[in-house]
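Here the working numbering is used: the first residue of the sequence shown is 13, the next is one more, and so on.
We put the CB at the ideal spot given by N, CA and C, even for glycine.
These numbers were taken from a predicted model, which means no experiment stands behind them.
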Amino acid sequence: MSRGTPHVLIDGTSLGRDEILLVARGGASVRLDPAARERAQESWETAETVARRRHVYGRTTGVGANRQEEVGGDAALGHGLRLLRSHAGGVGFELAPDVVRATMVIRLNQLAAGGSGVHVRVLDALEQALDLGALPRGHRLGAIGTGDLTVLAEIALTLAGERPWAVGEAPPVALDTGDALAFMSSNAATLAEAVIACADLQTLLRASHTVAALSFLALGGSAEAYAEVVHEARPHPGQQHCAAEMRRLLGMTGPPVPGRRIQDPFGLRAFPQVQGPALDSLAQLEQVLSVEVNARAENPLISVEADDVFHHAHFHTAYVAVALDQARASVHQVAELSAARLGDLVEPTMTGLTPFLASGPAGSSGVMILEYVAHDALAQMRHAALPVTMGTAVVSRGLEDHASFSTQAARQAIVVVEAYRHVLACELVAAVRALRVQQPDLGDIPARAALERTAQVLDPSLEDRSLGDDLDRAADLLDELAAL
13 MSRGTPHVLI
23 DGTSLGRDEI
33 LLVARGGASV
43 RLDPAARERA
53 QESWETAETV
63 ARRRHVYGRT
73 TGVGANRQEE
83 VGGDAALGHG
93 LRLLRSHAGG
103 VGFELAPDVV
113 RATMVIRLNQ
123 LAAGGSGVHV
133 RVLDALEQAL
143 DLGALPRGHR
153 LGAIGTGDLT
163 VLAEIALTLA
173 GERPWAVGEA
183 PPVALDTGDA
193 LAFMSSNAAT
203 LAEAVIACAD
213 LQTLLRASHT
223 VAALSFLALG
233 GSAEAYAEVV
243 HEARPHPGQQ
253 HCAAEMRRLL
263 GMTGPPVPGR
273 RIQDPFGLRA
283 FPQVQGPALD
293 SLAQLEQVLS
303 VEVNARAENP
313 LISVEADDVF
323 HHAHFHTAYV
333 AVALDQARAS
343 VHQVAELSAA
353 RLGDLVEPTM
363 TGLTPFLASG
373 PAGSSGVMIL
383 EYVAHDALAQ
393 MRHAALPVTM
403 GTAVVSRGLE
413 DHASFSTQAA
423 RQAIVVVEAY
433 RHVLACELVA
443 AVRALRVQQP
453 DLGDIPARAA
463 LERTAQVLDP
473 SLEDRSLGDD
483 LDRAADLLDE
493 LAAL
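What follows is the structure in structure tokens.
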């Protein structure tokens, strides 16, 4: 890495969302904490000791329904590589580079927690690959929320030199019999997608405060809906935060100023009540993910303290699936309000402007098409918000008789991110167009800075034309507006 590039300390206990994103998207290098390395070494030694006196699943036995099959003598030779080869059956699209890097750093951190029994040289190999920028190739299909076996088998075989690197390369590492299941026994790829989706959704929710504030200004909204006394009467944290953000962005101090109407449509009036659950759901999801990426969740758990191994079900990620289901559903409701505000922005009785904010001869369409784009994206969100936790699977000859489908929940969250970004972009383009025509005196309020910045990016012409470029620019601008 170049001089000045940040690096993230991997200690097995404190890896957070921001550090994962630094590695996944920011090119940060990693450094394995010496204490964590020592912990991993002790875990491997304990696993080796216990395996000499009792059966250890996946180490001295087969896996799944083959758990009763003993692996010893000649059968032990190459057992680990056979496990990895047989499980590296993922298909479909290749995982995005940021997801692969996030998977690698999460898995490294979990191994550093010291519960897997994997040899410490495997941790060193992951650290080196991340620092070299070497990326394995991982495929999307092959997990149901009970371990990302296929992706992690692909990564392990790449580290071992059996598979080609997708980007760059790193020196191969030798894998022992006990390293195979110990490396695969994780949901690191699912967690990687979930962490990325969670971060992106939190950014879009922050941006939505700014977009809604611009719509409020264009629609002449009533400030009473955001008054502090109102939200103290029902003090849900996310709802209170949303109302406070709206007051800040709109420069609301003192008694609320009356708007054009005694009561606004729900898109404005109920924004805190709908945005609040989404903010709280994403905060809960972030907390769940923080536990998972720092967990000793491998099955079996190698306990140095007890000098023993414990067979369990930490591979089951119901917490992740349920939190993701709730997050997607709550963000969908917020997007519905954005589409509703867009409908208000094209209505003359709400803005005092022409239908569809059109400019030109009679019958000009203006921003009419934005509603179609927004509702297409909203429909995509609606399908992606359907709960995955309503289904299950029975596999491995009936032994594994339940699945969380957290993997599918994380994938659907990525779909929600992109669709919601387009919904917000449609509202932003319409709100800025309306304000350009109205030219209100906004004074010195934060929302004015957002309007001025967006106006710099969007085409100022009002005649009928394609709005595709404006929508792309507005979508790209949302991350910047989130930081306002």
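Asked: My understanding is that residue 79 touches residue 72, with C-beta atoms under 8 Å, so please give their C-beta distance in whole angstroms.; Found: Wrong, their Cβ atoms sit about 11 Å apart, outside the cutoff.
Asked: Express the C-alpha separation of residue 356 and residue 46 in angstroms, rounding to a whole number.; Found: 59 Å
Asked: Would residue 174 pass as a contact of residue 151 if the rule is Cβ separation under 8 Å?; Found: no
Asked: With distances taken from CA atoms, which of 124, 388, 264 is nearest residue 454?; Found: 264
Asked: Please check the pair residue 296 and residue 256, which I expect to be a contact at CB under 8 Å, by giving their CB distance rounded to whole angstroms.; Found: So it is not a contact: roughly 20 Å between Cβ atoms.
Asked: Leaving aside the five residues before and after residue 479 along the sequence, list all residues of the same chain whose C-beta is less than 7 Å from its C-beta, in chain order.; Found: 379, 381, 382, 441
Asked: Check each candidate in 308, 340, 363, 374 and name the one with the smallest Cα separation from residue 51.; Found: 308
Asked: If you follow the beta strand (DSSP E) that residue 105 is in, where does it begin and where does it stop?; Found: 103-106
Asked: For the alpha helix (DSSP H) containing residue 368, list its first residue and its last residue.; Found: First-last for residue 368: undefined, no H or E at that position.
Asked: Which one of 444, 338, 352 has the shortest CA to CA distance from residue 369?; Found: 444
Asked: State the DSSP-derived secondary structure class of residue 327, mapped to helix, strand or coil.; Found: coil
Asked: Which same chain residues, not among the five before or five after residue 220, have their C-beta less than 8 Å away from its C-beta?; Found: 287, 346, 350, 436
Asked: DSSP on residue 381, reduced to helix/strand/coil?; Found: helix
Asked: Taking its Cβ as the centre, do 16 or more other Cβ atoms sit within 10 Å of residue 105, making it buried, or is it exposed?; Found: exposed
Asked: Residue 121: which of 43, 384, 70, 184 sits nearest, CA to CA?; Found: 43
Asked: Which residues in the same chain have their Cβ closer than 6 Å to the Cβ of residue 96, if we skip the five residues on either side of it in sequence?; Found: 165, 168, 169, 192
Asked: Could you work out which residue in 65, 218, 107, 138 is closest to residue 491 when comparing CA atoms only?; Found: 218
Asked: What is the residue span of the beta strand (DSSP E) that residue 320 lies within?; Found: 320-322
Asked: What does a CB cutoff of less than 7 Å around residue 289 pick up in its chain, not counting 5 residues either side in sequence?; Found: 250, 342
Asked: Closer than 6 Å by C-beta to residue 39: which residues in its own chain qualify, once you throw out the five before and the five after it? Chain order, please.; Found: none
Asked: Pick helix, strand or coil for residue 305, following the three-state DSSP scheme.; Found: helix
Asked: Looking at residue 408 and residue 102, is the spacing between their C-beta atoms short of 8 Å?; Found: no
Asked: Which residues in the same chain have their Cβ closer than 7 Å to the Cβ of residue 402, if we skip the five residues on either side of it in sequence?; Found: none
Asked: Please work out which residues of its chain come closer than 7 Å, Cβ to Cβ, to residue 37, disregarding the five sequence neighbours upstream and downstream, and give them in chain order.; Found: 110
Asked: Classify residue 81 as helix, strand or coil using the three-state DSSP reduction.; Found: coil
Asked: Have a look at the DSSP bridge pairing and note the partners of residue 43.; Found: 21
Asked: Considering only DSSP beta bridges, list what residue 179 is partnered with.; Found: 147
Asked: Should residue 14 be labelled buried (16 or more other beta-carbon atoms within 10 Å of its own) or exposed?; Found: In this prediction, residue 14 has a pLDDT of 45, which is less than 50 and means its spatial position is unreliable; nothing more can be read from the coordinates.
Asked: Tell me the DSSP secondary structure of residue 174 in three-state form.; Found: coil
Asked: Quick check on this structure: which residue in 26, 466, 244, 108 has the alpha carbon closest to the alpha carbon of residue 125?; Found: 26
Asked: Spatial neighbours of residue 481 within its chain, please: CB distance less than 8 Å, with the 5 preceding and 5 following residues excluded, ordered by chain position.; Found: 471
Asked: Opposite residue 73 in the DSSP bridges: which residues?; Found: 82
Asked: Are the stretch 221-236 and the stretch 185-200 in contact at 8 Å, needing three or more beta carbon pairs?; Found: no
Asked: Please state the DSSP three-state secondary structure of residue 412.; Found: strand
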